[in-house]
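Protein sequence lines correspond, in order, to chains B and V. The opening position of the first sequence corresponds to residue 3 in the numbering used here, with each subsequent residue numbered one higher. The opening position of the second sequence corresponds to residue 283 in the numbering used here, with each subsequent residue numbered one higher. The C-beta atom is built at its ideal place from N, Cα and C for all residues, glycine as well. One structure is given below, encoded as structure tokens.
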Amino acid sequence: MKKIILLSWLFTACSITIGFAQLEGKKFVSATVGLNFNNTNQDEYPTATNYGYNIDASFGKFKTANKASGWNIGTSLYGQKATLYPDGTRETFEGITGFGVSTGYFWQHYKHFSDKFGIFGGPHVNVLYSYTKLLPNQSSDNLLHRQHHISPQFGVSAGAYYALNERWWLTASLGIANLLYLSYTIDEAEARPTGNTNKTKTFDYKLTPNLTLPSVSLGLRYFFKD
Amino acid sequence: MKRLLLLLLPGMVFLAGRAEAQFQKGTVHWGATISAEGTLSNFETYESNRLKTGVHTITPSVQFGKFFKDNSLFGARLLSSFNYNKSDLKGPNSDNEYKNNNTNLSLSLFVRRYKFLGEKWAIFLEPGINLSYYHGKNTSDDVETSNGYGGGIYIRPGIVYRVSPRFAIESDLNVLSLNLQYYHMKDWDNFHFSAGATSGIQSYFGLRASWYLTQSN
């Protein structure tokens, strides 16, 4: 009886080790892609159009069976066509109303409970730049806003995975802590049609050792062939 | 999760090993946390008015305790909160400066009873009393100060994760809390009672680094 237990234990240990060893050197990608387009056509009003996309991707590599690191990149672009009536005069806005780029690096440590299931967590750094144009009808003060925003962040996050097969993992985020957050925003608010402009520069910082439990978001991860 | 917590505070020592599933009598406990946040802004109008504002809050906290018997701790916590507000308006027709500084100091004396849920996790219940002092100062055309004193009792649960036998991360959970506060200010008295129970865990909770140092080591 003892021998059987010992043997089965050895077998389990071996199979787990083999399962993990396969991870070393593996490269993976996960991405979210969003596209939107909408068109509003009202009687007696000109057509209004909104469109945009966002792509966020992370590329990682397992250095060992329990350690992975990689890059996050993201980009988004939004545009619209709208007709407004500031001061009763008709004005048409057409073009890009926002875009953003972000990049970052992440480190993840894994704890594999079986060859199917495990958890991971680790720190990440990110820098985000975005440009936003708020049309007068979208801002509370009826001014045309142009905003440049840059924000470096440092945090830790945790997640869990379930291996669907050799190529695909299902991942879920479990918790996130934004330990350090900095942001710098330049906002120019222009009154139409006079062109008088107010300018605001804002610097924010936050050091918060808080753990936030997010609403669980699911993702898919694809492993490349060697 | 272990690694996540491990990486929360750089520079701490990870000592893998067996953890005794209890805190022994005589063990000394230290804990500390800090948070800070603020905003600086500069607003310029086309009429060359300029408004500069600054808001800063920093909240450090330290605590100390000693186990008077196994899994029972007597401790004291000093919680302070410093708040600085400043605004400065300059323009062709105006020149105004306003400052507002607040300081809050709070001393809590508490007892904790721990219960281990395995080797790494423990929960505790902490009843305590707190005494607080408030000092506020407003500066615009003239200086105005206000002082206040407060006292209260509370009870709240918490959770501890032992990263190593000596180091742990802990968090107070506001799942069930009871708080009685009395404030005496210069011009007014305020008696405040709050009691609450929530069924869910709040979406974020503050973390505290804590050390448990056994005397025999």
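Residues that residue i contacts on chain B, provided the C-beta gap is smaller than 8 Å
i              : result
E326 (chain V) : N200, K201 and T202
Backbone secondary structure at residue i - three-state DSSP
i              : result
N144 (chain B) : coil
A23 (chain B)  : Caution is warranted here: a pLDDT of 49 is assigned to A23 (chain B), below 50, making its placement in the model unreliable, and no coordinate value can be reported.
P211 (chain B) : coil
G90 (chain B)  : helix
N386 (chain V) : strand
P138 (chain B) : helix
S376 (chain V) : coil
F358 (chain V) : First, the amino acid is wrong: residue 358 (chain V) is Ala here, not Phe. Three-state DSSP puts A358 (chain V) in a strand.
Q155 (chain B) : strand
V31 (chain B)  : strand
K419 (chain V) : strand
Y224 (chain B) : strand
D352 (chain V) : coil
D454 (chain V) : strand
Residue i: contacting residues in chain B (beta-carbon distance under 9 Å)
i              : result
G320 (chain V) : F205, D206, Y207 and K208
T315 (chain V) : P211
L489 (chain V) : A179, P211, N212 and L213
Min CB distance residue i to chain B below 7 Å
i              : result
G373 (chain V) : no
S323 (chain V) : yes
Contact set for residue i: own chain, Cβ-Cβ below 6 Å, skip 5 residues either direction
i              : result
G62 (chain B)  : F30, A70 and G72
G36 (chain B)  : N56
G76 (chain B)  : D58 and S104
N41 (chain B)  : T51
D370 (chain V) : K334 and E379
T34 (chain B)  : D58
Y191 (chain B) : Correcting the residue type first, residue 191 (chain B) is Ala in the shown sequence and not Tyr. Counting only Cβ-Cβ distances below 6 Å, and skipping sequence neighbours, we find L145, H147 and N200.
S390 (chain V) : R359, G410 and N412
N365 (chain V) : T339 and N384
F325 (chain V) : L333
For residue i, the residue or residues it bridges with in DSSP
i              : result
F564 (chain V) : Any property of residue 564 (chain V) remains undetermined from this structure, which presents chain V solely from 283 to 499.
E96 (chain B)  : B:K83
L37 (chain B)  : B:Y55
K63 (chain B)  : B:K29 and B:S71
V442 (chain V) : V:A404 and V:E452
G76 (chain B)  : B:D58 and B:S104
Contact test: residue i Cβ vs the ligand ADP heavy atom, cutoff 6 Å
i              : result
P447 (chain V) : This structure simply doesn't include the ligand ADP, nor any ligand for that matter.
Sequence-distant residues of the same chain with beta carbon closer than 7 Å to residue i, five excluded per side
i              : result
A193 (chain B) : L145
Y415 (chain V) : L387 and Y431
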